[in-house]
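When the letters of the sequence shown are read in order and numbered with the working numbering, they come out as residues 389 to 627. C-beta: ideal position from N, C-alpha, C; glycine also. Let me begin by presenting the structure, written as structure tokens, before commenting on it.
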Amino acid sequence: MAEEVCFEHHPVQPHTEVDMTDDEIQKLLHEAENRLRAPGSKPTQDSRLQMSKGNENEDASSLIPKLSTNHSLQPYVHETNEVAMLDPLRISDSRQKNVPNFDPTKTRTNTSGKKKEKPSAGDDWFNLPKTEMTPELKRDLQLLRMRSVLDPKRHYKKEGKAKPPEFSQVGTIVEGPTEFFNGRIAKKDRKRTFVEEAMALERETRRFESKYNDIQTTKRSGKKAFYKDLRSKRGRKNT
Numbered sequence: 389m390a391e392e393v394c395f396e397h398h399p400v401q402p403h404t405e406v407d408m409t410d411d412e413i414q415k416l417l418h419e420a421e422n423r424l425r426a427p428g429s430k431p432t433q434d435s436r437l438q439m440s441k442g443n444e445n446e447d448a449s450s451l452i453p454k455l456s457t458n459h460s461l462q463p464y465v466h467e468t469n470e471v472a473m474l475d476p477l478r479i480s481d482s483r484q485k486n487v488p489n490f491d492p493t494k495t496r497t498n499t500s501g502k503k504k505e506k507p508s509a510g511d512d513w514f515n516l517p518k519t520e521m522t523p524e525l526k527r528d529l530q531l532l533r534m535r536s537v538l539d540p541k542r543h544y545k546k547e548g549k550a551k552p553p554e555f556s557q558v559g560t561i562v563e564g565p566t567e568f569f570n571g572r573i574a575k576k577d578r579k580r581t582f583v584e585e586a587m588a589l590e591r592e593t594r595r596f597e598s599k600y601n602d603i604q605t606t607k608r609s610g611k612k613a614f615y616k617d618l619r620s621k622r623g624r625k626n627t
């Protein structure tokens, strides 16, 4: 006959968490620390765990910066005679303060990024820039020296030496609102340079072409080609 074994089942009690205050925890840590410092005592696993937690708390608290209540932050701006003034000593570098004859009011500027000023004629001449000789400007200056050829009815003063000006600037004449429409230049007739204006005027008047023909006629006068041309003209008249 088989033996029957009966077991009595008891309900398992759940682990309950013990609420401890901060003072009790600090007291336990203090007692564990004293036991470890006592001679002949060996640290247990629980004491090691409690000590490691205490060290972590100390390390975390040491990382928090501590501000002294005696010293307050000094403002960068102070008021003088109802005017806000900036304290230059507060914004200057500590290394600059150690330099002898240091003037905090003269701030250091970045000279590398500043553009170099170009030479000009000065304020009396409206700061005219220095002449930059370009091919277009060379042709315009040469045409200005030959302006008596363009308009023979006007007389200009002769120039001693054909030297370009040291300071000059090329601009565009803009008509004012008081000028009448027939005194203005139309957009289609406006040119960029003097050479373009002279070429456009020549296409309209054909003055240089007629002048060239007169010169060639004078040169051929008294020659065989001249009399041959004369005879051909007479023959056309008789017919």
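Given that a residue counts as buried once 16 or more other Cβ atoms are within 10 Å of its Cβ, and exposed if not, what is A588?
Residue numbering aside, residue 588 sits at position 200 when the sequence shown is read from its first letter. Burial call: exposed.
Going by Cα to Cα distance, which pick from D617, E592 and T593 is closest to Q604?
On the sequence shown, position 216 is the one that residue 604 refers to. Per the Cα distances, D617.
Simplified DSSP assignment, three categories, for L474:
Within the sequence shown, numbered from 1, the residue matching residue 474 stands at position 86. DSSP places L474 in strand when its eight states are reduced to three.
Would you say F555 and L516 are within 7 Å of each other, going by their C-beta atoms?
For the purposes of this step, residue 555 is taken as residue 167 along the sequence shown, with counting starting at 1. For the purposes of this step, residue 516 is taken as residue 128 along the sequence shown, with counting starting at 1. Cβ distance < 7 Å, so F555 and L516 count as in contact.
With respect to the alpha helix (DSSP H) encompassing H543, which residues constitute its N-terminal and C-terminal limits?
As a working note, residue 543 is residue 155 in the sequence shown. H543 -> no alpha helix (DSSP H), and no H or E assigned at all.
Between the CA atoms of E597 and I561 - distance to the nearest angstrom
Counting from 1 along the sequence shown, the entry for residue 561 is found at position 173. Counting from 1 along the sequence shown, the entry for residue 597 is found at position 209. Near 29 Å, if we compare the C-alpha coordinates of E597 and I561.
Own chain partners of R572 with C-beta closer than 6 Å, once the 5 adjacent residues on each side are dropped:
Along the sequence shown, one-based indexing puts residue 572 at 184. The answer, listed in chain order, is E563.
Would you say R624 and V583 are within 7 Å of each other, going by their C-beta atoms?
Position 236 of the sequence shown, counting from 1, holds the residue named residue 624. Position 195 of the sequence shown, counting from 1, holds the residue named residue 583. No, the Cβ-Cβ distance between R624 and V583 is not below 7 Å.
Closest Cα partner of Q557 within the set L417, M521 and H418:
For the purposes of this step, residue 557 is identified with residue 169 of the sequence shown, where counting begins at 1. Checked all of L417, M521 and H418; the closest Cα to Q557 is M521.
Under DSSP, the alpha helix (DSSP H) around T630 begins and ends at which residues?
Since the first and last residues shown for the chain are 389 and 627, residue 630 lies out of range.
Grab the span of the alpha helix (DSSP H) containing E419 for me, first residue to last.
As a first step, residue 419 must be located in the sequence shown, where it is residue number 31. E419 -> alpha helix (DSSP H) spans D410 to R425.
From D411, Y615, Y600 and D577, pick the residue whose C-alpha is nearest to that of V537; which is it?
Residue numbering aside, residue 537 sits at position 149 when the sequence shown is read from its first letter. Considering only alpha carbons, the answer is Y600.
To the nearest angstrom, how far is it from the Cα of E590 to the Cα of W513?
Taking the first residue of the sequence shown as position 1, residue 590 is located at position 202. Taking the first residue of the sequence shown as position 1, residue 513 is located at position 125. Going from the Cα of E590 to the Cα of W513 covers about 35 Å.
S508 by DSSP, collapsed to three states: which one?
Translated into positions along the sequence shown, residue 508 becomes position 120. In the structure shown, S508 sits in a strand (DSSP, three-state: E or B).
Indicate the three-state DSSP secondary structure (helix, strand or coil) for K579 in the structure shown.
Taking the first residue of the sequence shown as 1, we reach residue 579 at position 191. Reduced to three states, the DSSP call for K579 is coil.
Can you look up K611 in the DSSP assignment and give me helix, strand or coil?
Position 223 of the sequence shown holds residue 611. Looking at K611 - three-state DSSP - the assignment turns out to be coil, as it is neither helix nor strand.
Distance check for R595 and R533, CA to CA, integer angstroms please.
In the sequence shown, counting from the first residue as 1, residue 533 sits at position 145. In the sequence shown, counting from the first residue as 1, residue 595 sits at position 207. Cα to Cα, R533 sits roughly 19 Å from R595.
Span separating the alpha-carbon of K506 from that of P523:
For the purposes of this step, residue 506 is taken as residue 118 along the sequence shown, with counting starting at 1. For the purposes of this step, residue 523 is taken as residue 135 along the sequence shown, with counting starting at 1. Approximately 21 Å between the Cα atoms of the pair.
Minimum C-alpha distance to L525 - residue among P553, Q414, E547 and K504:
Along the sequence shown, one-based indexing puts residue 525 at 137. L525 has its Cα closest to that of P553, out of P553, Q414, E547 and K504.
Please state whether DSSP places F569 in a helix, a strand or coil.
As a position in the sequence shown, residue 569 is number 181, starting the count at 1. Three-state result, F569: helix.
Residue(s) in a DSSP beta bridge with T560
Along the sequence shown, one-based indexing puts residue 560 at 172. Beta-bridge pairing links T560 to no other residue.
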